Amino acid sequence: MLKAAMLWLGILLSSCTWFSRPMPPKATADPATEKRASIRQELTVTRDARTRCLLHLHGAVLDLMDGRDPAALGAAIARVCPDGWASGFKALQSLLAGDPWSLQEHALRFLEASSVPEASSVPEASSVAGDEALHHLRLLAAALLANADIPDTSFTRRLAMVAMRDPSLPVFLWTGAPHLLREVAPPGQTRTLGTGLTFSRSDPLPLLGRLHFSRPAPVTGGSRWKDGDRLSAGSDHPARVTLSLPLSCSTPGPMLLELRSLGPASVRIDGVLEAESGRTPGVEGGIWRLQVPPFSGSRTLVISLVATPRAGAPRLRLVPSSACSFGVDPFPSVNARRPLPAWLAPFAGLVVATLDASAGSFSGPRSLLAGITSGKPRFMLARALFTRMILADPSLLPETARRLALLQTAAFPGDGWSLFEQARIAEVDGRPEQAMEKLSRLDSAWAIVARARLALETSGVPTAGDTGDVKFGSPLAGLLVSSRHHRVFLTAAAAVRRRDPRLALAYLKPALALRPDLPDLLQFHLQTQQFPEALAEGLRLFTAGYLNETLLSSLGSACLGLRNLEGALQWNDQRLADDPGSEPAFLRRLDVLTALGHDPDGLFRELAAHVARFPYHRDTLLLYWASPSFRQTTLPDLKALLDLNWGKDAPAVFLLNREEHFLSSRGGAFVRVTRWVRLNTPVAVEELGELELPSDALILDVRTLKADGTVYPPSSTPQKSSFSMRNLEPGDIVIFSYLRVNAPVPGLPGRTWGPRFQLSHRAFPTVLAEWVVHAPLDLPLVLRPEGRLPEIQRTIDADGVHLKLQSWTGDRLPSELRMAHFVAPSIQVHAGFSEEDLYALFAEETPWPDWDSLELAQLARQLCPRPGAACVPDTARWVLRQIRDDRQLTRTAHILQRRAGSRIHLLFALLRHQGYHPRMLLARASRTSDGPIAWPDPAEFPIWLLDVPGFGFIDTRFSHLPPGRMVPAVGGSEAVVLSPRPTTVRLGPASPQSRTLEARARIAQDQSANFEIHEVSSGFHAVQKLDTFARLSPEALREQIQVDSLQRYFPGSRLLSLDWKRPPADREELTATYTFWAPSVCAPADGKNLELRRFPFPWNLRRRFGVFLPRTTDFLPNALPYTRLELTIEPPAGMMVEASPELKLETEFGRLHRRLVPGPGRSARLILEKSLRPEVIPVARWKAFSAFVQLFDEYETLPVVLVPVR
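Position 899, counted from 1, in the sequence shown is what the working numbering calls 955; the numbers after and before it change by one each time, with no gaps.
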């Protein structure tokens, strides 16, 4: 009865358990499958033609994502949709076929056929305009017109009509032909064309806002403008452009302003000047980067700049880190779009990625397309655009981009898009034959013209299979009959230019009829020396408003050909007025003025003024220096230097080491370097017989002077970058001098960062060192001496201020092993800086935190989803483990994309995103110098650190150093804060380090041994090893341990096994187990005894520290870890370990404790503990330290005696 009750109770409990289980989740329906079913159902009940067209369009987009042929889809669309709608799919087919010209024509035709004005009130037009699939198809067509090769003005006119009907399409953002736009649209309308999408934003996304844009005069009113678009003055003459932008933020947060002004500019916030051309903050690659202080509420941002026709494309970008809105009057139809349907998400992602890439953003789009191609492998359009995007991404190294692109094309070697990209890569790699072979498999007009161009560039003579004789049925000649693309005629003209100039001219004329802005006819007349025709054609272009530097230069060349020197000077001066920094224009001006007979003294003054403004113009600099009017500075007397008879005991001696700096008030300088070196020994003759100067040096003088006064010039060959000094003998003097250009600090007018001049040499003594500076009177100078220097002589005259420093030494710099402190006598000058400017420059040398990077913001949120104590170390560890540190200063977004660069700057940006306020620090190793720390420069303070308030210091040089720990080289030393004020901080002490070795040595009868070692390291010693272990492959790691460690202590040894374990993320610890075999570890002693003489792993301090040498400077020993060795010794058969006394050595310099403990059987354990204090050893204590080291080495290497068993 009891058993039955228990049975029923079990059944009841199991049924309750079954009923209590949750229901299995329902399978999520595929959005694409649901959409197909919905399309089929609606087509059965819908009779409206427009609606049926859109339904078929939706189905075609779904089929396109599944890999269907776009041409077949276009044919199906043509049967149910208006004329021209199929061209959208034909454009995609042209992309896959590798035919860019056909792609552009079909894309434009599709935009024309499907264009609906945004303000249209027609119901069916509104339904079409609001369709998301059609909208994204149109956006994709507009994006595919990026960098379109405009075939003729008709194409531009059609494009303008599309833009005027639908201003939201960014069709003119990328054409690069604004001068053509003036011909096809009224001036009042051109500013509104192709301005792109707009929406207010509240999330940290890249801004795409349409803003008011106005010019005070002569045109009134405003125009629409898209963030990131070009700012245009709308005139052929320079004009002041003003952009007034309301900003409104609900929560305070820093905001980034990026401005590529390409001219004078200023930025004001609520009337307060924040930046101007004279002092541009955060300049990188010509882009201003200004951080707007955090605020809540409303502010007014006013940007003023001078735009000229030749200035290119000024650009503006605003990116906040909090909820903000921008601009005024966004179009409601753009903001009010319905949520994107799920079935369209992959295609919409492809369109968004293409648009972003066309606007210059690549990392996010590449990631998005990579996900689409992996999720939809048959979506060939996504793969083709992904490959194109890889090749266009400037953040990738060119070799990396080409390799990644070829990986994409390898699976589809015969597809048109694949052949197109392979041909592009082959051409860039310098393999035109392979490029032409790929292009020969493409059947398109573009491919024919591309093959002809490559054939001309390769050999200069067209081949029969490519261009042939264009008069007799070649592929190119077949295109000439019906082509409406100017490239066909230009290529045909290039093919016959040398053989038949008249025929070339006949081909150029239809090209100009298609594109009247082309300069090719002008260049043709100049090359054939038809100067009257060249001048007439140039004047036509000038009158039409096609102004650029090349046109003005060509007009000047035409006037020179006609012997019209005044006309040539007029055109050249206009070119210089547009671009005062054009060196070719200035040199031509000097030539023309010389031909006109102007006063040579006046020309030299003009030359000197130009060099003062632009000292980095190399040809002008050489012309200036070689001018007989230039007043050379007097050099010292060579005989007087030789009579001093200094340095004869050295292999070589610097008789003169001289630098003369000529500073410019506009920033920058040029430096004349003069050196006289006497060779005293045959060794010096052999080693210094090849003179290699800096790659950017402008040679003034190189020669060898014999004792009898004979002068020998050097021999040089184009294949070598060095000079071979001929007939050198001991006693000869090598004399050389050269110019080097010190360019101005980028983006900081009037600022010069000078190189440091070392007065003495480490290897060779120096008789006389001279440092001379010439600077304008109004240029502030900052001198930065180090070490003991003589007094600087200062004179002032009408030419400016002149500084001179002379140092008579006759000795070489002291150089001893691990000097505790060393300050080489040197000096450096910075010009145009105040103290605050100098520190501000340090801060600007760090890359901008990249508030515009969506990836950075997203990564920062992932690493720190909510504020807490773990945010800083977690973020730092991610950077340390994921980024390869090559210390290249570039934008942090590029560092993240490349996964390589400056770790510290990426970490700085991420922490800023997370709300922290880290500080950059510059530090130097504690033994490097004891010079002044108030004026650092990156060369003297090469160690970059990060100080995070509330957390501590972070050293990003080592991947496995836990954040907050200090390495021995900088622990406890001082560092400089990169801030407008010279402040220093004391770094934390170095983290302790230790090494524990548990080893076993099994000694064989042949006196070899097998060692088994279990090692546990912590601190910096473990960090260094972990970085090496993680970086190398297992094979390379074994080889490095074999060569660098085992062979050094156990010659002839062989590594048998190696196993190591990664530590937890927050611990600097390495655990490794390895075994090796070593021969001859024992040696016979006293008859039948053996001595074990090799142990793992002695320090050998006597050899490491060179204590056998006398010393004149303080000494700083290596920071060696506390080490404990516990070695179990198993002697061979018939032998046992003899007992030995305990040894202790403990002094102010360190300690060693050694004892031998008997073990089971015949074995014994050798326990050795040792440590060294990493403190400076004064010279007065060097002898005591040497005695300690010798005794330390004797105790450490004292052999263990093995005796026969009694």
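We put the beta carbon where it would ideally sit given N, CA and C, even for glycine.
Predicted model, so just to flag it, every value in this text is computed and none were measured.
Asked, Found
"Could you pull the DSSP bridge partners for CYS615 from this structure?", "Bridge partners of CYS615: none, in fact."
"Which two residues bound the contiguous beta strand (DSSP E) that contains ALA1057?", "1050-1059"
"Please report the straight-line C-alpha distance between TRP1238 and LYS1200, rounded to a whole angstrom.", "22 Å"
"Using alpha carbons as the reference points, say which of THR606, ALA590, GLU639 and ARG968 lies closest to CYS615.", "ALA590"
"For PHE545, which residues of its own chain have a beta-carbon under 6 Å away from its beta-carbon, when the five flanking residues on both sides are left out?", "TYR563, PRO566 and ALA567"
"Going by DSSP, what residue range makes up the alpha helix (DSSP H) through GLY534?", "531-536"
"Do the region 1103-1115 and the region 1123-1133 make contact, defined as three or more Cβ pairs closer than 8 Å?", "yes"
"State the DSSP-derived secondary structure class of VAL797, mapped to helix, strand or coil.", "strand"
"Nearest CA to the CA of LEU512: which residue from SER1242, ASP757, ARG554 and LEU1222?", "ARG554"
"Compute the beta-carbon to beta-carbon distance between GLY787 and GLY723, rounded to the nearest angstrom, for a pair I have assumed lies under 8 Å.", "In fact, because the Cβ distance is near 44 Å, the residues do not count as touching under 8 Å."
"When you compare the region 694-709 with the region 627-646, are there three or more beta-carbon pairs, one atom per stretch, that lie closer than 8 Å?", "no"
"Consult DSSP for THR248 and reduce its assignment to one of helix, strand or coil.", "The predicted position of THR248 is uncertain, since its pLDDT is 37 and thus under 50; a value taken from the coordinates is nonetheless stated next. Coil, per DSSP."
"So if DSSP puts TYR602 in a beta bridge, which residue, or which two residues, is it bridged to?", "BP columns for TYR602 are empty, so no partner."
"Taking just the CA atoms, how far does LEU164 sit from ASP141?", "Just to set this straight, residue 141 is Trp in the shown sequence, not Asp. If you take the alpha carbons of TRP141 and LEU164, they lie about 11 Å apart."
"At the level of alpha carbons, what is the spacing between THR865 and ALA926?", "56 Å"
"Measuring CB atoms only, is the region 782-796 touching the region 757-767, in the sense that at least three cross pairs come out at less than 8 Å?", "yes"
"My output table needs one value for PRO302: the three-state DSSP class, helix, strand or coil.", "strand"
"Measure the beta-carbon distance from LEU815 to PRO881 and round it to whole angstroms, keeping in mind my assumption that it falls under 8 Å.", "4 Å"
"Quick one, are the C-beta atoms of LEU460 and ILE481 less than 7 Å apart?", "no"
"When you compare each of GLY186, ASP119 and LEU561 to LYS432 by their alpha carbons, which one comes out closest?", "ASP119"
"Just the Cα atoms here: how many angstroms apart are GLY1044 and THR730?", "45 Å"
"My understanding is that ALA88 touches TRP399, with C-beta atoms under 8 Å, so please give their C-beta distance in whole angstroms.", "5 Å"
"Around the C-beta of ASN1174, are 16 or more other C-beta atoms found within 10 angstroms, so that it is buried, or is it exposed?", "exposed"
"In the DSSP assignment, what residue or residues form a beta bridge with LEU1199?", "ARG1210"
"Is PRO588 near the ligand SAH, with its Cβ less than 6 Å from a heavy atom?", "Inclusion of the ligand SAH in the displayed structure is not the case, the ligand content being empty and no account of it being possible."
"Is the beta carbon of PRO974 less than 7 Å from the beta carbon of LEU966?", "no"
"According to the neighbour-count rule (16 or more other Cβ atoms, all chains shown, within 10 Å of its Cβ), is ARG266 buried or exposed?", "For ARG266, the predicted model reports a pLDDT of 22, less than 50, meaning its position is unreliable; a value from the coordinates is still stated below. Classification of ARG266: buried, given that the 10 Å Cβ count is 16 or more."
"Going by DSSP in three states, SER170 sits in which element: helix, strand or coil?", "helix"
"Output yes or no for whether 7 Å exceeds the beta carbon distance between ARG108 and THR102.", "yes"
"Could you pull the start and end residues of the alpha helix (DSSP H) that THR1084 belongs to?", "1076-1087"
"When the Cα atoms are used, what is the spatial distance from LEU129 to PHE145?", "7 Å"
"Would you kindly work out how many angstroms separate the C-alpha atoms of ARG1230 and LEU1176, rounded to a whole number?", "For clarity, residue 1230 is Pro in the given sequence; the question names Arg instead. The straight-line gap from Cα to Cα measures roughly 8 Å."
"Please list, in chain order, all residues of the same chain as ASP1142 whose beta carbon is under 6 Å from its beta carbon, the five residues on each side excluded.", "none"
"Using 10 angstroms around the beta-carbon of PRO905, count the other beta-carbons present and answer buried if the total reaches 16, otherwise exposed.", "Confidence is the limiting factor: at PRO905 the pLDDT is only 43, short of 50, which leaves the residue's position unreliable and the question unanswerable from this model."
"Suppose the cutoff is 8 Å on Cβ atoms and the five residues either side in sequence are ignored; what does the same chain contact list for SER1047 look like?", "ARG1021, MET1022, VAL1023, GLY1027, GLY1075, PHE1076 and GLU1124"
"To the nearest angstrom, how far is it from the Cα of HIS542 to the Cα of LEU313?", "41 Å"
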